[in-house]
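Taking my numbering, I'd label the letters of the sequence shown as residues 57 to 254. Just so it is clear, CB atoms sit at the ideal spot from N, CA and C, and this is done for glycine as well. In this text the structure is predicted, and so the values were computed from the model without any measurement.
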Amino acid sequence: MGRNTPQMNNVQLKDYLESHLNGELQWLLRAATEWHAQKQLNLRVGGYHAQVYAMDSAFLHARTLFEFFTKNTSDNYYAVDAYGLAPIQSPLYTNNWVGVLHGYLMHAQDRSSPRQLTSFDGSTSRDLNQMPTDFAREVVRLWTEFCKELASSSDSNISALEPIARRILQEATNNAAAVLNRKSVHELGMSAVTAIVW
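As structure tokens, then:
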């Protein structure tokens, strides 16, 4: 492992999944759903910037999970190899999204001529600020692959984590759906925000 990422034992791996990875997924899906709801509401109320806050949160959590799923453990973050798994392929992230997401999220870059990013379904190109749900959908796909890889591990301690990872994904999608069902969305006059299927 790395300087700040010592090797974890089985108890620590379970805790990392249930605490850290769970938290990243929960807040990514909720933030992306909130971003989508705010975009649909299109309130244009001065001083009210919930859509921007949700976008920034979604990007930060997505970046963390993209690094976990698609890379190896470094000195600064854990990755799937901590579970004895190979990085999961994400051509969208590695070939199209990584540079823009990292550069514009982590640094004060000139944003006057942003590079367009490919949507999750490959049908369109979009500015970074239109990508929260695309990033969330790709993370859900990667999480699903992670579950399959856990299940197929020859290490029984690792394969035993698969039901936990599946439960976390189900809970996270349920919690994200609750964002769309909250009372305040309906009070703002939006009886049905387009459902997001993670």
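Query raised in the report: Are the beta-carbon atoms belonging to L84 and A192 less than 8 Å from one another?
Result: What you label residue 84 is simply residue 28 of the sequence shown in a count that begins at 1. What you label residue 192 is simply residue 136 of the sequence shown in a count that begins at 1. Note that the C-beta distance between L84 and A192 is below 8 Å.
Query - Backbone CA spacing between V101 and M111 [nearest angstrom] - result: Start at 1 with the first residue of the sequence shown, and residue 101 comes out as number 45. Start at 1 with the first residue of the sequence shown, and residue 111 comes out as number 55. Answer to the nearest angstrom: the Cα atoms are 17 Å apart.
Report task. Look up L173 in the DSSP assignment and give the residues it is bridged to. Result -> Translated into positions along the sequence shown, residue 173 becomes position 117. Partner(s): R182.
Requested in this report: Could you spell out the range, first to last residue, of the alpha helix (DSSP H) harbouring A138?
Outcome: Residue numbering aside, residue 138 sits at position 82 when the sequence shown is read from its first letter. That residue, A138, is in no alpha helix (DSSP H); it is neither H nor E in DSSP.
Query raised in the report: Taking Cβ to Cβ, would you say R119 is nearer than 8 Å to H76?
Result: Locating residue 119 in the sequence shown gives position 63, counting from the first residue. Locating residue 76 in the sequence shown gives position 20, counting from the first residue. It is not a contact, given that the beta carbons lie outside the stated cut-off.
Requested in this report: Pull up the DSSP beta-bridge partners for T126, would you.
Outcome: Within the sequence shown, numbered from 1, the residue matching residue 126 stands at position 70. T126 is not bridged to any residue.
Report task. With A88 as the anchor, note down where its alpha helix (DSSP H) starts and where it stops. Result -> Against the sequence shown, residue 88 aligns to sequence position 32. Start and end: 78-97.
**Report entry** Classification of A221 by the beta-carbon crowding that lies within 10 angstroms, buried from 16 upward
**Finding:** The count along the sequence shown starts at 1 and reaches residue 221 at position 165. Classification of A221: buried, given that the 10 Å Cβ count is 16 or more.
**Report entry** 8 Å Cβ cutoff met for S146 and T126
**Finding:** For this step, residue 146 is matched to residue 90 along the sequence shown. For this step, residue 126 is matched to residue 70 along the sequence shown. Taking 8 Å as the Cβ cut-off, S146 and T126 qualify as a contacting pair.
**Report entry** Pick from A138, C203, D177, W91 that is closest to F58, judged by C-alpha positions
**Finding:** What you label residue 58 is simply residue 2 of the sequence shown in a count that begins at 1. Sequence check: residue 58 is Gly here, not Phe. Nearest option by C-alpha distance: A138.
Query - Best match in Q68, N66, T189, T89 for proximity to A234 [C-alpha to C-alpha] - result: Position 178 of the sequence shown, counted from the first residue, corresponds to residue 234. Checking every option, the nearest Cα to that of A234 belongs to T89.
Query - Residues that G58 bridges to, as DSSP identifies them - result: By 1-based counting over the sequence shown, the position of residue 58 is 2. According to DSSP, G58 bridges with T61.
Query - CA nearest to the CA of Q68, picked from E194, I214, R182 - result: Taking the first residue of the sequence shown as position 1, residue 68 is located at position 12. The shortest Cα separation from Q68 among E194, I214, R182 belongs to I214.
Query raised in the report: If we ignore side chains and look at the alpha-carbon of each, how far apart do L184 and G79 end up?
Result: As a working mapping, residue 184 is identified with position 128 in the sequence shown. As a working mapping, residue 79 is identified with position 23 in the sequence shown. Approximately 23 Å between the Cα atoms of the pair.
**Report entry** Given F256 as reference, the closest of A228, W199, S209, A87 once Cα atoms are compared
**Finding:** Any property of residue 256 remains undetermined from this structure, which presents the chain solely from 57 to 254.
Query raised in the report: By Cβ distance, which residues of its chain are closer than 7 Å to E218, with the 5 residues on each side in sequence left out?
Result: Counting from 1 along the sequence shown, the entry for residue 218 is found at position 162. So the qualifying residues of the chain are C203, L206, A207.
**Report entry** Straight-line Cα distance separating I144 from S113
**Finding:** Position 57 of the sequence shown holds residue 113. Position 88 of the sequence shown holds residue 144. S113 and I144: Cα-Cα distance of roughly 23 Å.
**Report entry** Under the three-state DSSP convention, the category N217 falls into
**Finding:** Counting from one through the sequence shown, the residue named residue 217 turns up at place 161. The identity of residue 217 in the sequence shown is Leu, whereas the question assumes Asn. The answer is coil: DSSP assigns L217 none of H, G, I, E or B.
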